[in-house]
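To start, the structure itself, in structure tokens.
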Amino acid sequence: MHMSRRMSFVVGIVVILTLLVPLLWAQGAIETVKRRHLTAEDVSRQYLSRHPKPRDEVEKSIIAVMEDMYANQSRGMGNVLPEDGRLMRMLTETLGAKHVVEVGTANGYSAMWFCLALRSTGGRLTTHEIDLKRIALAKKNFNRAGVDDLITLVEGDAHETIGRLTEPIDLLLLDAEKEGFTDYLYQLLPLVRTGGLVIAHDSSGQAHMMEEYFQAIVRNPDLETVFVDASRWGMAITRKMR
């Protein structure tokens, strides 16, 4: 009787192991495949969601301020993420940009990314902001990063202040209220040089608020647009062809 029970127990264990081992092996295989086949988003998070290594001591100081801003000032600012910033810097350097215009300074985080590039291109940034608290914070950040000489911060409603710009624009970043993007585009596009870029931030994260803007850029035969999700927010990058 005892032997029969013991045999039943052993058989039961064998059956359980027979079913369980393949499942465990399959789960391990799936995890291995996942590790070997990383998505672009996985790679971006793993390698690009950090600030870059500084090229010199000046960059080291700027990046130190950027890291502090990212860690302690991001809440409620709607800042670009480091993945976006890296792309913005690369595009600015590739263009050899001499004049970058930004609509929506916030605390100045995006401006810092541009400054990393403008140091090497010999260019400068004109950035527009309406919120007085953000203006004060941005000025403080520019000062402690030592980039004041690269930036002109224009205070007031950008729908009105951008009309005073007269110099050619190599790269334009739109990162203010989404409903205003189309007006900013129509006002500033004549100043964007042929081959210049217009970047609209949040093209994925707030796409539902940018339908009018999307229609404006894709229906214009003089513009070519790609949508890039360097981060979860996304950017619509438009090149002025002629």
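Position one of the sequence shown corresponds to residue 0 (numbering that gives the first Met the number 0), numbered consecutively onward.
Quick reminder that beta carbons are idealized off the backbone N, C-alpha and C, glycines included.
Cross-strand partners of residue i (DSSP beta bridge)
i	result
M87	DSSP lists no partner for M87.
L171	V100, V197
I150	L124
L190	L190 is not bridged to any residue.
Nearest residue (CA-CA) to residue i, options the options
i	options	result
K59	R118, H98, V191, Q214	R118
R85	C114, N71, M209	C114
W112	I62, Y212, T224	I62
P53	I198, A116, L94	A116
F180	L164, I168, A157	A157
G121	E178, H98, G107	H98
K139	Y108, R163, A215	Y108
Straight-line gap, residue i to residue j (C-alpha atoms, nearest Å)
i	j	result
G155	E101	13 Å
D147	V64	13 Å
L66	H50	Here the sequence assigns Glu to residue 66, which means Leu is not the residue at that position. Spanning the two alpha carbons is a distance of roughly 7 Å.
T224	M234	10 Å
A105	R218	30 Å
Close Cβ partners of residue i (< 6 Å) along its chain, the five nearest in sequence each way excluded
i	result
T160	H127, V153
Environment of residue i [buried if 16+ CB atoms lie within 10 Å]
i	result
Y183	buried
L19	Bear in mind that a pLDDT of 47 at L19, under 50, signals an unreliable position, so the number given afterwards is only what the model happens to contain. That one is exposed.
I236	buried
K239	buried
P81	buried
Y212	buried
Own chain residues within Cβ distance below 7 Å of residue i, not counting five before or after
i	result
L16	Below a pLDDT of 50, predicted positions are generally treated as unreliable, and L16, at 46, falls in that range; no measurement from the model is reported.
Chain-order list of residues whose beta-carbon lies under 8 Å from that of residue i (same chain, five-residue window excluded)
i	result
R241	T193, D221
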